[in-house]
Amino acid sequence: MSMKKIPVIAALGFTTTGCVEEKETDTGSVEEPSTEPSSEPSDEVQGSIEAIVGNWAATSQTYSYGGYSETYEFPMEYSYSETYYGLSYSYSEISSLFLSIAEQDSFLIESIYSSGMVVIAEETLYSVSYSELYEVPISVSALSEGYQIEIQGTVLNCNLEGGDLNCGLDGIGQIIFTPYDGEFPEAIEEITTNELEDVSYDDNGECYESTLTGTGEGLVWGGFSEGLGNDITSTCETEYVEDGPDLAFLWTAEDAGCYIFTTIGSNIQHSLELKDSCDSTEPFDCSANIYGSRVMQEFDAGEATIVVIDGNSEQEDFNLFNLSIVPHEGTSVSADGIDLESAIGDAVFSGTNETGTISVETDCAPLEPGVVHHWTAPQSGWVEISTLGSDFDTVLQIQSGVCSMYECNDDHEDLDSLVSLEAVEGQQYDIIVGGYVGEIGTYVLNINYSESDEELAE
Numbered sequence: 045m046s047m048k049k050i051p052v053i054a055a056l057g058f059t060t061t062g063c064v065e066e067k068e069t070d071t072g073s074v075e076e077p078s079t080e081p082s083s084e085p086s087d088e089v090q091g092s093i094e095a096i097v098g099n100w101a102a103t104s105q106t107y108s109y110g111g112y113s114e115t116y117e118f119p120m121e122y123s124y125s126e127t128y129y130g131l132s133y134s135y136s137e138i139s140s141l142f143l144s145i146a147e148q149d150s151f152l153i154e155s156i157y158s159s160g161m162v163v164i165a166e167e168t169l170y171s172v173s174y175s176e177l178y179e180v181p182i183s184v185s186a187l188s189e190g191y192q193i194e195i196q197g198t199v200l201n202c203n204l205e206g207g208d209l210n211c212g213l214d215g216i217g218q219i220i221f222t223p224y225d226g227e228f229p230e231a232i233e234e235i236t237t238n239e240l241e242d243v244s245y246d247d248n249g250e251c252y253e254s255t256l257t258g259t260g261e262g263l264v265w266g267g268f269s270e271g272l273g274n275d276i277t278s279t280c281e282t283e284y285v286e287d288g289p290d291l292a293f294l295w296t297a298e299d300a301g302c303y304i305f306t307t308i309g310s311n312i313q314h315s316l317e318l319k320d321s322c323d324s325t326e327p328f329d330c331s332a333n334i335y336g337s338r339v340m341q342e343f344d345a346g347e348a349t350i351v352v353i354d355g356n357s358e359q360e361d362f363n364l365f366n367l368s369i370v371p372h373e374g375t376s377v378s379a380d381g382i383d384l385e386s387a388i389g390d391a392v393f394s395g396t397n398e399t400g401t402i403s404v405e406t407d408c409a410p411l412e413p414g415v416v417h418h419w420t421a422p423q424s425g426w427v428e429i430s431t432l433g434s435d436f437d438t439v440l441q442i443q444s445g446v447c448s449m450y451e452c453n454d455d456h457e458d459l460d461s462l463v464s465l466e467a468v469e470g471q472q473y474d475i476i477v478g479g480y481v482g483e484i485g486t487y488v489l490n491i492n493y494s495e496s497d498e499e500l501a502e
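For the sequence shown, my numbering begins at 45 and goes up steadily by one.
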């Protein structure tokens with residue numbers, strides 16, 4: 045057996061924190077209570093537990109707190125989908141809640157059905173579906189008026205109203221159960237479908253596998269495996285990403301401009317490098333962010349680079365790499381933005397983004413309206429730039445020039461944002477502070493070097 049928490053119960057605001065037994069049977073179905081209840085509650089008068097013996101299904105739950113109230117219907121359904129860099133992800137979850145009340149043994153039962161899918165170029169690469177059942181013993185007793193149901197220390201006070209069981213939780217929650225004469229859902233083991241195939245290329249005598257032309261999201265993708273070999277030594281290793289099999293492409297810019305190279309959406313530990321030759325030990329740029337790397341580089345028309353994905357293919361089920369190359373126009377910043385000069389410290393500036401004119405879809409969150417600040421690094425070293433102390437949900441983006449790698453952050457601590465970057469003395473950085481999807485408020489901007497760098501400056 046395994047021990048898990050009851051997800052929906054926690055979501056309903058209950059204080060239950062103990063673990064419950066997840067039944068493991070050959071079929072995955074919930075084991076029947078030792079005293080089998082009737083399929084529907086009896087018609088006996090309220091005041092005796094016999095009146096509510098039977099099976100019940102939750103139909104709605106209302107949560108109220110501090111003047112706020114919201115009602116959820118059962119089964120609870122949650123879903124989301126998103127598409128970026130050629131990949132489409134979707135996920136859905138359906139949760140149901142039941143009571144099985146008997147003279148001796150009673151249970152609260154939760155059923156959760158989940159499914160997910162990954163699609164690229166209208167081709168389904170991966171899908172998964174499964175259902176889980178959670179069962180926890182409960183204590184049911186009759187009161188002078190109504191009933192009391194205890195769930196591991198949490199008490200529901202219930203009454204029969206119009207044939208339904210109306211249960212309240214300390215004045216902040218209410219769940220309505222209706223008689224249930226159906227079968228309880230069964231647990232289903234995880235069912236996965238993986239249509240991703242490992243890529244392979246004929247030997248062309250070069251360190252790169254193939255040439256690429258043009259730009260696009262999901263420009264090239266497939267399964268990353270040991271069979272690719274290790275032809276190029278990575279110069280961008282970290283403690284998380286070691287030199288391993290590599291996949292390289294020769295790409296030529298058709299037009300002059302700034303380009304973003306990204307492997308966001310990949311499912312392998314890897315680094316991404318741009319080199320001018322196969323044996324170059326100093327790449328144009330590199331990034332090693334485990335499952336999604338990103339570099340930016342400016343090219344003249346006809347200029348070429350070798351794009352190298354180097355990493356670890358040891359994924360048990362889904363070893364996807366996804367390379368996108370897209371033009372980057374940059375985030376336009378006003379030359380007359382707020383000049384912070386080389387200010388260092390907490391609250392170097394405070395203001396509002398109400399009159400901000402910048403709107404940008406960053407890698408971390410939609411930022412608008414935004415205000416730009418110009419800051420020049422007084423020394424080289426690691427700097428933390430944050431909006432700690434602001435009174436709204438901020439998004440923070442830092443960049444230096446149009447064709448430069450930028451950093452962004454949405455929620456670092458609560459709704460505040462924080463970005464760490466390695467600053468170069470004399471370099472100007474554009475700090476954009478904005479709201480999350482249109483939020484407006486008063487922000488505080490803090491700029492501080494790490495302690496070690498401050499000590500060096502002294």
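All C-beta atoms in this analysis are idealised placements derived from N, C-alpha and C, irrespective of residue type, glycine included. Note that the structure is predicted; figures quoted are calculated from it, not measured.
- Counted as a single uninterrupted DSSP element, the beta strand (DSSP E) harbouring cysteine 302 occupies residues 301-306.
- For histidine 417, the enclosing beta strand (DSSP E) stretches over residues 410-420.
- Proximity of the segment 413-431 to the segment 444-463 meets the contact definition, three or more beta-carbon pairs being nearer than 8 Å.
- Cβ contact annotation for glutamate 347 (same chain, cutoff 6 Å, sequence separation greater than five): Ala297, in chain order.
- Around the beta carbon of valine 264, 16 or more other beta carbons sit within 10 angstroms, so the residue counts as buried.
- For glycine 309, the secondary structure class from DSSP, reduced to helix, strand or coil, is coil.
- The shortest C-alpha to C-alpha distance from asparagine 238 to any of Val163, Leu291, Thr103, Leu489 is the one to Val163.
- In this structure the segment 228-248 touches the segment 168-176; the number of beta carbon pairs closer than 8 Å is three or more.
- Here DSSP, grouped into helix, strand and coil, assigns isoleucine 96 to helix.
- In chain order, Thr279, Cys280, Ser315, Leu316, Glu317, Val339 place their CB closer than 7 Å to the CB of cysteine 330, counting only its own chain and leaving out the 5 sequence neighbours on each side.
- By DSSP's assignment, glycine 266 forms a beta bridge with Phe365.
- Here the alpha carbon of asparagine 99 sits roughly 22 Å from the alpha carbon of glutamate 121.
- Glutamine 441: member of the beta strand (DSSP E) spanning 438-443, first to last residue.
- The beta carbons of threonine 486 and serine 434 sit closer together than 8 Å.
- In the three-state reduction of the DSSP assignment, glycine 271 falls in the helix class, which pools H, G and I.
- Taking a C-beta distance under 8 Å as the contact criterion, valine 184 and glutamine 196 do not qualify as a contact pair.
- If you draw a straight line from the Cα of lysine 319 to the Cα of glutamate 326, it is about 7 Å long.
- Between phenylalanine 305 and threonine 255, the C-beta gap is not smaller than 8 Å, which leaves the two residues out of contact.
- In this model, glutamate 189 and threonine 115 are separated by some 26 Å (Cα to Cα).
- Selection Gly288, Glu469, Glu137, Asp474 evaluated against glutamine 423 yields Glu469 as nearest (Cα-Cα).
- If the five residues before and after tryptophan 295 are omitted, its C-beta is found closer than 7 Å to the C-beta atoms of Leu256, Ala348, Thr349, Val351, Ile369, all from its own chain and listed in chain order.
- Between glycine 381 and histidine 417, the beta carbon gap of about 6 Å places them in contact (Cβ cut-off 8 Å).
- When Cβ pairs closer than 8 Å are counted between the two stretches, the segment 96-113 is seen not to touch the segment 123-136, the count staying below three.
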